[in-house]
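**Student:** Per our numbering, numbering of the sequence shown is gapless, rising by one per residue and ending at 1573.
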Amino acid sequence: MDHFHYKDRVLYCEQVPLAQLAEQFGTPLFVYSQATLLHHLRCLQEAFAEVNPLICYSVKTNGNLTLCRLMASHGAGFDVTSGGELYRALAAGGVGEKIVYAGVGKTDPEIRYALANNVFLFNVESEEELHNLGDVARSMGRVARAALRVNPDLPPKTHAKTDTSVKGVKFGLDIETVLDVAHGVLGNPSVQVVGLHMHLGSPILSTQPYKDGAAKAVVLIQRLREQGHQISLLNMGGGFGIHYRKQEAQPAQAFAEVIVPAVKQTGCRLILEPGRFIVGNAGVLLSRVLYRKETGGKHYVIQDAAMNDLIRPTLYGSFHRIWPVAPAAGLPAPPDDYEAEIPDTFVQDVVGPVCESGDFLAQNRRLPILQRGELLATFSAGAYGMAMSSNYNSRPRAAEVLVDGTSVQLIRRRETYEDLVRPEVEL
Ligand code: LLP
């Protein structure tokens, strides 16, 4: 469900026509719908209400301060993976007591920063990290609370680059080693193992991996308790999939149905770290057609957004729906099935200005004939869009705009050429 819809062949975000935003703020432009964002947070809160979860919005997905502030003011905590993300979470009104910190490579200054801000939980990914966490905490006269991140070794479930719970990835502790690692800090006054963490991968369109992962967690928590650890937290991470190609995502309720029973069995407090599920369908990337060309027997539409704005298509082969903001008479709204014959369309590559053959938003995509100056919307761009953008080719990063009903707020201005060189000039 999202609040991007066509009315009289004009695409709106809530009650604002996207063409108006392009006029006002230029392109490429990320446009977010506040109602969509909050709807998805609320879906999770309601689906899991029975076990009163701590829902920690995953800052890496889209760390814009205004969006994070909305999350905090609607009851979410934060999942962070670096000192920079912790800084964002705190700047957005997050409180340490509702922040969890994951990542395989936390540095000592980052750990000190997190401890100084009373971060609720460290999701620990290796034995050395666990001991180091204790050492750093001791040096500050603090006690660190840790959840051991386990790799539950489940069958592949998403793109290999973002599957984090198969054998052979850098994340978490091998499931066979968790008990030994935990044993090593039993009685350590500076670090307490109080939880178990897993993040299975992202995006995941099936509930089965959560069912299997949670079942393994129940057993492990039992064993950890037998060992003498006071386990009170089960963190099931994020990863819930969204609609990209079609209406393909599971509702929050479906994930709750497989996770909640396990949580109840353990008596633990549930932590979730959703990112994409909340913000993914709440954003589109708006761009403008520059040129069309035909070369090597292929049709290209060259528009002003590029791989530096949205790297997912070239990095993961991800599919994002793309459609004109003001389709010509007779054209439908974006089709439900892009593989099908769509009348008045032909196969085109949607590419950007960056100097790489891998710079595309879509390949071999059925699209109508497009005119120079026409606006395009790339859908489901709210998650890992701006967050993974770069200045490659010295392209200033896009602006971001938040729509709430009829009101529009610029939440990140477009970068300037001066912004690009500022850190170098300041040396
Ligand atoms: N928790 C942990 C420990 C994570 O590593 C992640 C994502 C999340 C939570 C949030 O996952 P989500 O709910 O957003 O699926 N750049 C890739 C996705 C990488 C995900 C990294 N970790 C993409 O664009 O598909």
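For glycine and all other residues, C-beta sits at the position ideal for the given N, C-alpha and C. Treat the numbers as computed from the prediction; the structure is a model and nothing was measured.
In angstroms, rounded to a whole number, what distance separates the CA positions of LYS1307 and TYR1462?
**Tutor:** The residue given as residue 1307 occupies position 161 in the sequence shown. The residue given as residue 1462 occupies position 316 in the sequence shown. Distance between the alpha carbons of LYS1307 and TYR1462 is about 7 Å.
**Student:** Since PHE1268 contacts ALA1292 with CB under 8 Å, what's their CB separation in whole angstroms?
**Tutor:** Working through the sequence shown from its first residue, we reach residue 1268 at position 122. Working through the sequence shown from its first residue, we reach residue 1292 at position 146. 5 Å between Cβ atoms; contact.
**Student:** Measuring only the C-alpha atoms, how far is GLY1330 from LEU1300?
**Tutor:** Within the sequence shown, numbered from 1, the residue matching residue 1330 stands at position 184. Within the sequence shown, numbered from 1, the residue matching residue 1300 stands at position 154. So the two alpha carbons sit approximately 26 Å from each other.
**Student:** Label ARG1541 either buried or exposed according to how many other C-beta atoms from any shown protein chain fall within 10 Å of its C-beta, with 16 as the threshold for buried.
**Tutor:** Against the sequence shown, residue 1541 aligns to sequence position 395. By the 10 Å Cβ count, ARG1541 comes out buried.
**Student:** Determine the DSSP secondary structure at ALA1484, reduced to helix, strand or coil.
**Tutor:** On the sequence shown, residue 1484 is found 338 positions in, with the first residue counted as 1. Correcting the residue type first, residue 1484 is Tyr in the shown sequence and not Ala. Coil, per DSSP.
**Student:** Between the stretch 1239 to 1251 and the stretch 1216 to 1226, can you find at least three pairs of beta-carbon atoms closer than 8 Å?
**Tutor:** The stretch 1216 to 1226 vs the stretch 1239 to 1251: in contact.
**Student:** Less than 9 Å between CB atoms is the rule here; does CYS1202 satisfy it with respect to chain C?
**Tutor:** Chain labels in this structure do not include chain C; a single protein chain is all it has.
**Student:** Taking the alpha carbon of ALA1398 as the reference point, which residue from PHE1176, PHE1150, ASP1154 and ALA1195 has its own alpha carbon closest?
**Tutor:** Locating residue 1398 in the sequence shown gives position 252, counting from the first residue. Of PHE1176, PHE1150, ASP1154 and ALA1195, the residue nearest in Cα terms is ALA1195.
**Student:** So which of ARG1518, ASP1483 and LEU1418 has the shortest CA-CA distance to GLN1393?
**Tutor:** Mapped onto the sequence shown, residue 1393 falls at position 247. That would be ASP1483, whose Cα lies nearest to the Cα of GLN1393.
**Student:** Could you tell me whether any non-hydrogen atom of the ligand LLP is closer than 8 Å to the CB of GLU1502?
**Tutor:** One-based indexing of the sequence shown puts residue 1502 at position 356. GLU1502 Cβ: outside cutoff for every heavy atom of the ligand LLP.
**Student:** Between VAL1404 and THR1353, which are expected to be in contact by the criterion C-beta below 8 Å, what is the C-beta distance as a whole number of angstroms?
**Tutor:** In the sequence shown, counting from the first residue as 1, residue 1404 sits at position 258. In the sequence shown, counting from the first residue as 1, residue 1353 sits at position 207. The pair is a contact, with the Cβ atoms about 5 Å apart (cut-off 8 Å).
**Student:** On the criterion of 16 or more Cβ atoms from any shown chain inside 10 Å, does ASP1254 qualify as buried, or is it exposed?
**Tutor:** Locating residue 1254 in the sequence shown gives position 108, counting from the first residue. Label assigned to ASP1254: exposed.
**Student:** Could you tell me the alpha carbon to alpha carbon distance between GLU1322 and ASN1263, rounded to whole angstroms?
**Tutor:** Mapped onto the sequence shown, residue 1322 falls at position 176. Mapped onto the sequence shown, residue 1263 falls at position 117. One C-alpha to the other measures close to 33 Å.
**Student:** In the DSSP assignment, what are the bridge partners of CYS1189?
**Tutor:** Looking up residue 1189 in the sequence shown gives position 43. Beta-bridge pairing links CYS1189 to no other residue.
**Student:** In chain order, what residues of the same chain lie with their CB nearer than 7 Å to the CB of HIS1389, ignoring the 5 residues before and after it?
**Tutor:** Your numbering for residue 1389 matches position 243 in the sequence shown. Same-chain partners within the cutoff: ALA1395, ASN1427 and SER1526.
**Student:** Residues in its own chain within less than 7 Å of THR1304 by CB, not counting five upstream and five downstream?
**Tutor:** If you number the sequence shown from 1, residue 1304 lands on position 158. If we look at THR1304 and ignore the five residues flanking it on each side, its Cβ neighbours are GLY1347, SER1348, PRO1349 and ILE1350.
**Student:** If you scan the stretch 1418 to 1457 from start to end, which runs of the alpha helix (DSSP H) of 4 or more residues do you find wholly inside it?
**Tutor:** The stretch 1418 to 1457 contains these whole alpha helix (DSSP H) runs: 1422 to 1425.
**Student:** Report the rounded CA-to-CA distance for LEU1184 versus PRO1489, giving the unit in angstroms.
**Tutor:** As a first step, residue 1184 is located in the sequence shown; it is residue number 38 there, counting from the start. As a first step, residue 1489 is located in the sequence shown; it is residue number 343 there, counting from the start. Straight-line Cα distance between these residues: approximately 36 Å.
**Student:** Spatial neighbours of ALA1508 within its chain, please: C-beta separation below 6 Å, excluding the five flanking residues on both sides.
**Tutor:** The residue given as residue 1508 occupies position 362 in the sequence shown. Contacts found: ILE1468 and VAL1496.
**Student:** Among the residues of its own chain, which have a CB less than 6 Å from the CB of GLU1273, if the five just before and after it don't count?
**Tutor:** For the purposes of this step, residue 1273 is taken as the residue at position 127 of the sequence shown. Within the same chain, GLU1273 has close Cβ partners VAL1327.
**Student:** Identify which residue in SER1336, GLY1240, LYS1316 and ALA1235 has its Cα closest to the Cα of SER1285.
**Tutor:** Translated into the one-based positions of the sequence shown, residue 1285 becomes position 139. The residue with the shortest Cα to Cα distance from SER1285 is SER1336.
**Student:** Starting from the C-beta of HIS1220, find all residues in its chain whose C-beta is less than 7 Å away, skip the five residues before and the five after it, and write them out in chain order.
**Tutor:** Residue 1220 sits at position 74 when you count from the first residue of the sequence shown. Excluding sequence neighbours, HIS1220 sits near LEU1184 and LEU1187.
**Student:** Apart from the five residues just before and just after SER1311, which ones in its own chain have a Cβ nearer than 8 Å to its Cβ?
**Tutor:** Numbered from its first residue, the sequence shown carries residue 1311 at position 165. Hits under 8 Å: ASN1297, PRO1298, ASP1299, LEU1300, LYS1303, PHE1317, GLY1318, MET1344, HIS1345, LEU1346, GLY1347, PRO1355 and GLY1359.
**Student:** Out of PHE1465, GLY1384 and MET1534, which one is the CA nearest neighbour of ILE1457?
**Tutor:** For the purposes of this step, residue 1457 is identified with residue 311 of the sequence shown, where counting begins at 1. Among PHE1465, GLY1384 and MET1534, the Cα nearest to that of ILE1457 belongs to MET1534.
**Student:** Does the stretch 1514 to 1530 come within contact of the stretch 1408 to 1428, defined as at least 3 CB pairs closer than 8 Å?
**Tutor:** Yes, the stretch 1514 to 1530 is in contact with the stretch 1408 to 1428.
**Student:** Heavy atom of the ligand LLP less than 8 Å from the Cβ of SER1535, yes or no?
**Tutor:** As a first step, residue 1535 is located in the sequence shown; it is residue number 389 there, counting from the start. The answer is no for SER1535.
**Student:** Could you pull the start and end residues of the alpha helix (DSSP H) that CYS1214 belongs to?
**Tutor:** If you number the sequence shown from 1, residue 1214 lands on position 68. First-last of the alpha helix (DSSP H) with CYS1214: 1211 to 1219.
**Student:** For LEU1536, count neighbouring Cβ atoms within 10 angstroms of its own Cβ and tell me buried if that reaches 16, exposed if not.
**Tutor:** Looking up residue 1536 in the sequence shown gives position 390. For clarity, residue 1536 is Ser in the given sequence; the question names Leu instead. It counts as exposed.
**Student:** Quick one: what does DSSP say ILE1321 is sitting in, helix, strand or coil?
**Tutor:** The residue given as residue 1321 occupies position 175 in the sequence shown. DSSP places ILE1321 in helix when its eight states are reduced to three.
**Student:** Can you list the beta strand (DSSP E) stretches of 3 or more residues lying completely in the stretch 1324 to 1405, in chain order?
**Tutor:** The qualifying runs are 1337 to 1343 and 1379 to 1381.
**Student:** Pick helix, strand or coil for ILE1257, following the three-state DSSP scheme.
**Tutor:** In the sequence shown, residue 1257 corresponds to position 111, counting from 1. Three-state result, ILE1257: helix.
**Student:** Considering just the uninterrupted stretch of the beta strand (DSSP E) at GLY1223, what are its terminal residues?
**Tutor:** Residue 1223 sits at position 77 when you count from the first residue of the sequence shown. Taken as a continuous stretch (DSSP letters only), the beta strand (DSSP E) holding GLY1223 covers 1223 to 1226.
**Student:** One question on the structure: do ARG1438 and ARG1512 come within less than 9 Å of each other, judged by their Cβ atoms?
**Tutor:** Sequence index remark: in the sequence shown, residue 1438 carries index 292 (1-based). Sequence index remark: in the sequence shown, residue 1512 carries index 366 (1-based). No, the Cβ-Cβ distance between ARG1438 and ARG1512 is not below 9 Å.
**Student:** Spatial neighbours of LEU1216 within its chain, please: C-beta separation below 8 Å, excluding the five flanking residues on both sides.
**Tutor:** Taking the sequence shown and counting its residues from 1, the one referred to as residue 1216 is at position 70. Contacts found: GLN1180, LEU1183 and LEU1184.
**Student:** Kindly examine the ligand LLP and report whether one of its heavy atoms sits closer than 8 Å to the Cβ of ARG1458.
**Tutor:** On the sequence shown, position 312 is the one that residue 1458 refers to. Yes, Cβ of ARG1458 sits closer than 8 Å to a heavy atom of the ligand LLP.
**Student:** Use the C-beta contact count for HIS1151: other C-beta atoms within 10 angstroms, 16 or more gives buried, fewer gives exposed.
**Tutor:** Translated into the one-based positions of the sequence shown, residue 1151 becomes position 5. Exposed.
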